[in-house]
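Comments concern the structure below.
There are 2 protein chains.
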Amino acid sequence: MTGSEKSLAKGSPAPGPVSEETIRVYSMRFCPYAQRARLVLAAKGIKHEVININLKNKPDWFIEKSPFGLVPSLETSSGQVIYESPIVCDYLDEVYPGKKLTPADPFQKAQQKMIVEHFSKISTLFYKILLAKKNNEDVSGVKAEVQEKLVKLDEILAKQNGLFFGGSDVSMVDYMIWPWFERLIIFDSKDCLNKTPHIDKWYQQMLQDPAVKATYIEPDLLLGFFKLYSQNDVEACDYGL
Amino acid sequence: MTGSEKSLAKGSPAPGPVSEETIRVYSMRFCPYAQRARLVLAAKGIKHEVININLKNKPDWFIEKSPFGLVPSLETSSGQVIYESPIVCDYLDEVYPGKKLTPADPFQKAQQKMIVEHFSKISTLFYKILLAKKNNEDVSGVKAEVQEKLVKLDEILAKQNGLFFGGSDVSMVDYMIWPWFERLIIFDSKDCLNKTPHIDKWYQQMLQDPAVKATYIEPDLLLGFFKLYSQNDVEACDYGL
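Structural data, given as structure tokens:
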């Protein structure tokens with residue numbers, strides 16, 4: 533299962549146990565939080581299977597496995613379940629060999645997590661933009677706030693010793709924030725990059741990253757999904773399949 | 533500075549650099565998030581100084597140091613600043629020798645962080661209770677929700693191999709959730725423990741923990757603070773000094 537299978541919805545039979553040499557990720561093709569996990573799985577070359585969940589019509593067995601009913605959730609061959617995207621990503625990075633995405637130095641690690649916290653204030657605003665647009669309200673105020681916070685994030689990036697948020701290489705922090713940049717078109721915020729030269733350069737670099745390429749969703753697919761999603765279409769998550 | 537000095541407010545001069553053999557924590561005596569950090573500092577026996585910040589009237593230099601203006605924030609002798617309580621606590625546990633509070637096993641570590649996530653849904657409800665009471669609204673609905681979630685947390689605790697949330701010893705997860713249990717009286721939720729026998733036992737055990745004892749605030753002090761805090765009294769955080 534590569535992640536391009538249709539989602540499992542309420543009433544679907546529960547999948548069997550996870551085989552020994554792999555790990556399972558419960559995902560939704562368009563979910564930015566789930567993409568965090570898929571980026572880490574791809575970047576580390578971890579053998580995995582993807583089961584897509586219909587988040588608007590969740591199977592009962594999924595909520596039993598993962599009590600918040602959220603993606604991403606991991607399931608191991610011994611039946612352990614791990615949820616919440618930062619916990620999932622840290623677990624994958626710690627358990628699996630290959631490139632370590634998190635710095636070993638405690639302060640550098642803390643710095644990466646603080647940048648993710650900064651970014652979380654921006655992603656919260658993205659959802660405010662969506663809500664305002666849905667209610668036909670003026671979005672200029674929220675967009676100005678996004679712009680202001682992105683400029684601050686650009687200043688943080690400018691101080692790094694390299695093109696990426698963790699320095700000269702792609703690392704965990706970049707994967708933790710990338711999914712929302714891939715979705716800027718949905719948040720009507722693509723133009724924000726005009727005033728953030730360092731983020732703009734980072735964005736172009738990230739597009740060349742193999743894990744980003746492996747999980748990338750074309751803008752027309754994103755927009756198609758989002759149109760159905762906004763209409764509360766229960767099949768939105770299977771758009772394009 | 534032991535943490536019982538009056539807080540620094542807007543207009544106060546910035547404290548000097550941190551001396552080499554110590555670490556500084558910016559705190560507020562009654563803040564549960566700051567207590568998380570103070571519990572870890574106490575449990576690991578880390579030499580530290582405490583500077584209390586008046587969160588209702590913050591010094592400009594504090595916001596320059598710690599951009600969200602939140603406590604706890606750490607400052608090291610080399611001028612590094614670390615904020616956000618889970619990041620602060622993980623940093624302290626990683627950098628300092630002594631008892632490791634976080635399990636080395638990645639799944640056990642993930643489990644602790646998932647329990648903290650579960651608890652965060654409860655602490656959010658505690659603040660809903662405060663808001664409802666302030667607005668003279670009925671709190672029975674929210675309190676029932678708290679009770680329901682605490683019963684689920686009790687079930688999680690019952691499955692542990694020991695009296696604590698991480699097993700037979702106090703560990704990071706216990707310190708991350710304890711401050712809200714110490715404050716149950718403020719959230720009008722002390723009676724909730726009647727229906728959660730395992731948490732009730734844990735609560736009694738925690739009261740005996742040296743780090744809990746070292747940071748414990750007597751109920752009458754908490755209530756006195758909270759009364760002033762509810763009245764938006766700018767000196768609330770110095771209550772009792």
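Each protein sequence line maps, in turn, to chains Z and C.
Position one of the first sequence corresponds to residue 533 (the numbering used here), numbered consecutively onward.
Position one of the second sequence corresponds to residue 533 (the numbering used here), numbered consecutively onward.
Cβ atoms here follow ideal geometry from the backbone N, Cα and C, with glycine treated the same way.
Computed from a predicted model, the values in this text were never measured in an experiment.
- Judged by their CB atoms, C:Ile578 and C:Tyr558 are not nearer to each other than the 7 Å cut-off.
- Rounded to whole angstroms, the gap between the alpha carbons of Z:Glu626 and Z:Ile614 is 13 Å.
- The secondary-structure analysis by DSSP pairs Z:Asn584 across a beta bridge with Z:Ser559.
- Here Z:Ile661 carries a helix assignment [DSSP, helix/strand/coil].
- Taking 7 Å as the cut-off, the beta carbon of C:Val648 is found no closer than this to the beta carbon of C:Ile661.
- With respect to Z:Ser609, Z:Val550 sits close: the two C-beta atoms are nearer than 7 Å.
- At a cut-off of 7 Å, the C-beta of Z:Ile555 has no neighbouring C-beta in chain C.
- For C:Gln612, the nearest CB of chain Z lies under 7 Å from its own CB, placing it at the interface with that chain.
- Apart from the 5 residues on each side of it in sequence, Z:Leu755 sits with its Cβ closer than 8 Å to the Cβ of Ile717, Ile718 in its chain, given in chain order.
- In this structure, the alpha-carbon of Z:Asp686 lies about 46 Å from that of C:Ser700.
- Counting only residues of its own chain and dropping the five nearest sequence neighbours on each side, C:Tyr771 has a CB closer than 6 Å to the CB of Gly756, Phe757, Leu760.
- Interface flag for Z:Ala642 against chain C is set, since a Cβ pair is found closer than 7 Å.
- Using a Cβ distance threshold of 7 Å, Z:Ile619 and C:Ala541 do not count as a contacting pair.
- Scanning the segment 687 to 753 of chain Z from its first residue to its last, the whole alpha helix (DSSP H) runs of 4-plus residues come out as 704 to 714, 729 to 739, 742 to 747.
- From the listed residues C:Glu616, C:Tyr628, C:Gln612, C:Phe600, the smallest Cα separation to C:Ala574 is found for C:Tyr628.
- What C:Met646 touches in chain Z, judged by beta-carbon distance under 8 Å, is Ile614, Tyr615, Glu616, Ile619, going in chain order.
- In summary, the residues of the segment 623 to 634 of chain C whose CB is separated from some CB of chain Z by less than 8 Å are Tyr623, Glu626, Val627, in the order they occur in the chain.
- Under the Cβ distance rule, Z:Glu649 counts among the residues neighbouring chain C, one pair being separated by less than 7 Å.
- Residue pairing for Z:Val613: DSSP places it in a beta bridge opposite Z:Glu607.
- Residue-level contact check: C:Phe697 does not touch chain Z, since none of the beta carbons of chain Z fall below 7 Å from its beta carbon.
- Bridge partners of Z:Leu540 according to DSSP: Z:Ile585.
- Think of a sphere of 7 Å around the beta carbon of Z:Pro564: no beta carbon from chain C falls inside it, the nearest being about 18 Å out.
- Within the model, the alpha-carbon separation for C:Lys576 versus Z:Tyr623 is close to 25 Å.
- Residues of chain C whose Cβ lies closer than 7 Å to the Cβ of Z:Phe719 do not exist; the shortest such Cβ separation is about 23 Å.
- Looking from the CA of C:Cys563, the closest CA among C:Glu607, C:Ile731, C:Arg715, C:Lys691 belongs to C:Arg715.
- Here C:Phe651 carries a helix assignment [DSSP, helix/strand/coil].
- One thing to note: Z:Ala566 has its Cβ within 7 Å of the Cβ of Z:Pro604.
- A straight-line Cα-Cα distance of about 22 Å links C:Pro729 and C:Lys745.
- With respect to chain C, the C-beta atom of Z:Pro638 has a partner C-beta closer than 7 Å.
- Taking the CA atoms as reference points, C:Phe639 sits about 31 Å from C:Glu607.
- Comparing alpha carbon positions, the residue from C:Lys588, C:Leu587, C:Phe651 closest to C:Val683 is C:Phe651.
- Z:Lys675 counts as buried, since at least 16 other C-beta atoms from the protein chains shown sit within 10 angstroms of its C-beta.
- Here C:Leu602 is buried, its C-beta having at least 16 other C-beta atoms within 10 Å.
- For Z:Val572, the enclosing alpha helix (DSSP H) has its first and last residue at 564 to 575.
- The beta carbon of C:Leu689 is closer than 7 Å to those of Phe697, His730, Ile731, Trp734 in its chain, skipping five residues each way along the sequence.
- A Cβ-Cβ separation of about 35 Å leaves C:Asp720 out of contact with C:Lys631 under the 8 Å criterion.
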